[in-house]
Amino acid sequence: MKEVVHFQINELIDALRERELTLRIEIQREYFAQMDKIDHDITVNCVNKILKRSDENKYVSLPLKL
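So for the sequence shown, full-length UniProt numbering puts the first residue at 1; every next one is plus one.
Written out as structure tokens, the structure reads:
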């Protein structure tokens, strides 16, 4: 009986370790997906600001001839 209980406990421990590893992998994937999204959003925001400034500078630097 003692050996059976010991075996069952070891099976539970192994199952918990596998689940922990699976969860760690899922968390890591989600983390990297979120970081990629943040990087993308920041890049788009910066490009938009640069383009906006560029457009504003074009209008300011045009010679005024009426």
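Ideal Cβ placement from N, Cα and C applies to all residues, glycine included.
Can you give the Cα-Cα distance for residue i and residue j, rounded to whole angstroms?
i, j, result
"Asp39", "Val47", "12 Å"
"Val44", "Arg29", "23 Å"
"Lys37", "Ile27", "15 Å"
"Ile25", "Tyr31", "10 Å"
"Val5", "Glu20", "22 Å"
"Ser54", "Ala33", "31 Å"
At 4 residues or longer, what runs of the alpha helix (DSSP H) sit wholly inside the region 3–48? Complete alpha helix (DSSP H) runs here, min 4: none at all.
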